[in-house]
């Protein structure tokens, strides 16, 4: 295989793995913003919480990495309902500023809490044997963990796509994103729907947080450090759109990886350049409603 | 009430026939307590607290009062604000800490104007000490580790070619420049030099390292700020199977901070760094330092090179207070008292060079190994005695001004 083709495949693969992490973590944020117009800056805190649950389960209780991911996702999803019912609900009709203040405050409290219990030193998780090695495709080896990310991402996308496009609940969510008042007037319980999507979105964020430990390491500041990335994916994709979030995650993930590989000097810049270009042409993002 | 206590203590000292007036020396401590690099602050803060606890009696009847502030992110802006407040509002007699070079660089004009000594316990960009006569550095210059690493890598590790990767801020450029100078002088060839983005967040290192792996250099020299980045570097390096592909990982000690080493796993084994400290360093001071540390913070908590630097920093301050009998109001006198300061610390024998106000210390090449007890540790494979900051010796670039 010619040299440039090998490089292209390798960028696509690494970019895809990165994109899957971005998608899994951001999709919940996109749906909550699309559905309720609620700005949830504490989304990263749910991801961080998921990461720490995985750390505790694997390191203190000796549970395997994959079961720990599932448990963390379900636990954080369930706990997030308490936040939604107890705190978020009160501010649905409030201004953006009030929502931002509440959620960023929650994020900082989450950071302080995590620092108190786990300390500021970055944590890592023990991975099972089969996720540690690499896969040799002859012309190149790929880390197994990244292949796992790609496969897991593909599975989740299929499930979400099916739930969103083919099920009754999915149709209701799409209806509520499109026109909330009309959806309510035909008898859809948007409140309940929102609680459900919020829980699923936070659960997915927790899963993303657990997956991110191996990519970046996990420290309490995870809650806000990578929030910018998630917000970029949501803005570029368009609020409330599954398709948009996926496309945005792919574009951001692959362009960022390619930029870093080909032109490291400007590496960090590409992600912002792409955001600016997309938002100039389509201010509401790829699939947002203008 | 507090004031009354001091007055009371002073009166008591006088009544007991003490000739010395008991002074309370206020020290402003500026370290990162939040953000991605919060653990660096904690590593130094713990060492400072421990020293003060164990050695408060050494400076009696004088006392010290630590006023701690958050240094913030590695951009300098917040550090400058809080340190200026410490000088103007809290009236501290000296400043201690500074994890990041941008903080020290931003603050240099302020301490010059205020005539307040800045005792640096980490920030390592070589030319910082030239920015103000009130700066004394107890930590290191990037050239302490990176310059000798250049020739060591070529001669002893067998790196004929090397790729450089660095976090894109002053110490990163400084460290790679120093390595490159030493490495090329020895006969090595640098094949690529890759900036790794800003120090504020840990990037996905994979695309950068993949590019280096594709160029097949003998060695990869990496500089990153010694926090969450170090763990990220080791993960990507391990994941990409670079050691198997023949690319050795080398760098300064920031790659394998002692408090994160155990978490790094097998990927770290074989990494060779140039460093002035490791918990495994054999000397009497280090043994008691580690023992006291574990006693105070538990058996799973480890000091690291930053802790050792902070320990020596507060030690030098205590010695200056003793030497000046607590009269530290004149910043210039405090700096003079520290010039030529010599001591044995956890790093072994250290000294403040009177001409440059920078540290002189031993540097060791260390290789990461799996120790007999199953834990990761380092083996000293080479030592250079009493290394000075080569950047200022050779007057390279801004080090000459």
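Protein chains in written order, with my numbering: chain R, 13 to 302; chain P, 1254 to 1654. Each residue gets a CB set at the ideal place from its N, CA and C atoms; glycine is no exception.
Next item on the list: For residue 261 (chain R), return the contacting residues in chain P, with the cut-off set at a CB-CB distance below 8 Å.
Entry: For this step, residue 261 (chain R) is matched to residue 249 along the first chain. Within chain P, no residue comes near residue 261 (chain R); the closest Cβ sits about 13 Å away, beyond 8 Å.
Next item on the list: For the alpha helix (DSSP H) containing residue 1647 (chain P), list its first residue and its last residue.
Entry: What you label residue 1647 (chain P) is simply residue 394 of the second chain in a count that begins at 1. Note, residue 1647 (chain P): premise wrong, no alpha helix (DSSP H); not H, not E.
Checklist line | Same chain only: Cβ atoms within 7 Å of residue 1507 (chain P), ignoring 5 sequence neighbours per side | finding: By 1-based counting over the second chain, the position of residue 1507 (chain P) is 254. Cβ neighbours of residue 1507 (chain P) beyond the five flanking positions: 1476, 1477, 1478, 1479 and 1483.
Next item on the list: In the DSSP assignment, find the alpha helix (DSSP H) that holds residue 1662 (chain P) and state where it starts and stops.
Entry: Chain P is shown from 1254 up to 1654; residue 1662 (chain P) falls before or after that span and cannot be answered.
Note to self: I'd like the ranges of any beta strand (DSSP E) spanning at least 3 consecutive residues and lying wholly in the segment 1366-1412 of chain P.
What the structure shows: 1371-1373 and 1388-1390
Checklist line | Per-residue burial, residue 1312 (chain P) [other beta carbons within 10 Å of its own, 16 or more giving buried] | finding: Taking the first residue of the second chain as position 1, residue 1312 (chain P) is located at position 59. Classification for residue 1312 (chain P): buried.
Next item on the list: Tell me whether residue 72 (chain R) sits in a helix, a strand or coil according to DSSP, three-state version.
Entry: For this step, residue 72 (chain R) is matched to residue 60 along the first chain. Correct three-state label for residue 72 (chain R): helix.
Notebook entry, point to check: According to the neighbour-count rule (16 or more other Cβ atoms, all chains shown, within 10 Å of its Cβ), is residue 1308 (chain P) buried or exposed?
Noted result: Along the second chain, read from residue 1 onward, the residue named residue 1308 (chain P) stands at position 55. Residue 1308 (chain P) comes out exposed.
Margin query: Cβ closer than 7 Å: which chain P residues qualify as neighbours of residue 132 (chain R)?
Written below: Position 120 of the first chain holds residue 132 (chain R). Those within 7 Å of residue 132 (chain R) in chain P are 1291, 1292 and 1295.
Margin query: Are the CB atoms of residue 1324 (chain P) and residue 1330 (chain P) within a distance shorter than 7 Å?
Written below: The residue you call residue 1330 (chain P) lines up with position 77 of the second chain. The residue you call residue 1324 (chain P) lines up with position 71 of the second chain. Not in contact: residue 1330 (chain P) and residue 1324 (chain P) (Cβ atoms no closer than 7 Å).
Check: Of the residues that make up the segment 1594-1617 of chain P, which ones have a beta carbon closer than 7 Å to any beta carbon in chain R?
Finding: none
Margin query: Which residue marks the beginning of the beta strand (DSSP E) containing residue 238 (chain R), and which one marks its end?
Written below: Along the first chain, read from residue 1 onward, the residue named residue 238 (chain R) stands at position 226. Taken as a continuous stretch (DSSP letters only), residue 238 (chain R) belongs to no beta strand (DSSP E), as it is neither H nor E.
Margin query: Need the endpoints of the beta strand (DSSP E) that residue 1603 (chain P) sits in, please.
Written below: Taking the first residue of the second chain as 1, we reach residue 1603 (chain P) at position 350. Segment 1601-1605, the beta strand (DSSP E) holding residue 1603 (chain P).
Notebook entry, point to check: Roughly how many whole angstroms lie between the Cα atoms of residue 94 (chain R) and residue 103 (chain R)?
Noted result: Here residue 94 (chain R) refers to the residue found at position 82 when the first chain is read from its first residue. Here residue 103 (chain R) refers to the residue found at position 91 when the first chain is read from its first residue. Each residue's alpha carbon lies about 14 Å from the other.
Item checked: Status (buried if at least 16 other CB within 10 Å, exposed otherwise) for residue 1455 (chain P) -> Here residue 1455 (chain P) is taken as the residue at index 202 of the second chain, counted from 1. Flag for residue 1455 (chain P) reads buried.
Next item on the list: Can you say whether residue 1254 (chain P) is buried or exposed, counting buried as having 16 or more other CB atoms within 10 angstroms of its CB?
Entry: Locating residue 1254 (chain P) in the second chain gives position 1, where the first residue counts as 1. The predicted position of residue 1254 (chain P) is uncertain, since its pLDDT is 47 and thus under 50; no value can be drawn from it.
Check: Looking only at its own chain, which residues have a Cβ that is under 6 Å from the Cβ of residue 1447 (chain P), when we skip the five neighbours before and after it?
Finding: Reading the second chain from its first residue, position 194 is the one you call residue 1447 (chain P). Once the five neighbours on either side are set aside, the close Cβ partners of residue 1447 (chain P) are 1418 and 1461.
Next item on the list: Quick one: residues in its chain with C-beta nearer than 6 Å to the C-beta of residue 1542 (chain P), no 5 flanking neighbours on either side, listed in chain order?
Entry: Locating residue 1542 (chain P) in the second chain gives position 289, counting from the first residue. Counting only Cβ-Cβ distances below 6 Å, and skipping sequence neighbours, we find 1599.
Next item on the list: May I have the straight-line CA-CA distance separating residue 67 (chain R) from residue 1391 (chain P), to the nearest angstrom?
Entry: By 1-based counting over the first chain, the position of residue 67 (chain R) is 55. By 1-based counting over the second chain, the position of residue 1391 (chain P) is 138. Taking the straight line from one Cα to the other gives about 36 Å.
Note to self: For residue 278 (chain R) and residue 112 (chain R), what's the separation of their Cα atoms in angstroms?
What the structure shows: Position 266 of the first chain, counting from 1, holds the residue named residue 278 (chain R). Position 100 of the first chain, counting from 1, holds the residue named residue 112 (chain R). Their backbone Cα atoms lie some 31 Å apart in a straight line.
Check: In chain P, which residues lie with their C-beta within 9 Å of the C-beta of residue 42 (chain R)?
Finding: As a working mapping, residue 42 (chain R) is identified with position 30 in the first chain. Within 9 Å Cβ-Cβ: nothing; residue 42 (chain R) doesn't reach chain P, min ~21 Å.
Next item on the list: Taking residue 30 (chain R) as part of the alpha helix (DSSP H), name the residues at either end of that continuous run.
Entry: Start at 1 with the first residue of the first chain, and residue 30 (chain R) comes out as number 18. Run containing residue 30 (chain R): 15-48, per the alpha helix (DSSP H) assignment.
Check: Excluding the five sequence neighbours on either side, which residues of its own chain have a C-beta within less than 6 Å of the C-beta of residue 1640 (chain P), listed in chain order?
Finding: Counting from one through the second chain, the residue named residue 1640 (chain P) turns up at place 387. The answer, listed in chain order, is 1397 and 1616.
Next item on the list: Run the CB neighbour count on residue 48 (chain R), radius 10 Å, all protein chains shown included, and call it buried at 16 or more, exposed below.
Entry: In the first chain, counting from the first residue as 1, residue 48 (chain R) sits at position 36. Buried, since its Cβ has 16 or more Cβ neighbours within 10 Å.
Check: When we look at the beta-carbon of residue 275 (chain R) and count the other beta-carbons within 10 Å, is it buried (16 or more) or exposed?
Finding: Mapped onto the first chain, residue 275 (chain R) falls at position 263. Per the 10 Å Cβ criterion, exposed.
Item checked: Under 9 Å by beta carbon: chain P residues contacting residue 226 (chain R) -> Your numbering for residue 226 (chain R) matches position 214 in the first chain. Result: 1488 and 1492.
Next item on the list: For the segment 123-157 of chain R, list the beta strand (DSSP E) runs that are entirely contained and at least 3 residues long, ordered along the chain.
Entry: 146-148 and 153-155
Margin query: Can you give me the C-alpha to C-alpha distance between residue 249 (chain R) and residue 292 (chain R), rounded to a whole angstrom?
Written below: Your numbering for residue 249 (chain R) matches position 237 in the first chain. Your numbering for residue 292 (chain R) matches position 280 in the first chain. Between residue 249 (chain R) and residue 292 (chain R), the C-alpha separation is close to 13 Å.
Next item on the list: For the segment 273-284 of chain R, enumerate the residues whose C-beta is nearer than 7 Å to any C-beta of chain P, in chain order.
Entry: 273, 276, 277, 279 and 280
Item checked: residue 231 (chain R) - DSSP class collapsed to helix/strand/coil -> Locating residue 231 (chain R) in the first chain gives position 219, where the first residue counts as 1. Coil at residue 231 (chain R), not helix or strand.
Margin query: So residue 1366 (chain P) contacts chain R; which residues on that side make the cut at Cβ distance below 9 Å?
Written below: For the purposes of this step, residue 1366 (chain P) is taken as the residue at position 113 of the second chain. Ordered by position in chain R, no residue passes the 9 Å Cβ test against residue 1366 (chain P), which lies about 33 Å from the chain.
Notebook entry, point to check: Are residue 233 (chain R) and residue 1289 (chain P) touching if we call contact CB-CB under 7 Å?
Noted result: Here residue 233 (chain R) refers to the residue found at position 221 when the first chain is read from its first residue. Here residue 1289 (chain P) refers to the residue found at position 36 when the second chain is read from its first residue. Yes, the pair counts as a contact, with Cβ atoms nearer than the cut-off.
Check: Name the DSSP bridge partner or partners of residue 1528 (chain P)?
Finding: Taking the first residue of the second chain as position 1, residue 1528 (chain P) is located at position 275. Answer is P:1617.
Notebook entry, point to check: For residue 15 (chain R), is the classification buried or exposed, using 16 other Cβ atoms within 10 angstroms of its Cβ as the cut-off for buried?
Noted result: Looking up residue 15 (chain R) in the first chain gives position 3. Looking at its Cβ environment, which holds fewer than 16 other Cβ atoms inside 10 Å, residue 15 (chain R) is exposed.
Note to self: On the DSSP bridge list, what partners appear for residue 1598 (chain P)?
What the structure shows: One-based indexing of the second chain puts residue 1598 (chain P) at position 345. DSSP output for residue 1598 (chain P) lists P:1601 as bridge partner(s).
Item checked: Alpha-carbon to alpha-carbon, residue 85 (chain R) and residue 197 (chain R) -> Reading the first chain from its first residue, position 185 is the one you call residue 197 (chain R). Reading the first chain from its first residue, position 73 is the one you call residue 85 (chain R). Roughly 33 Å separates the two Cα atoms.
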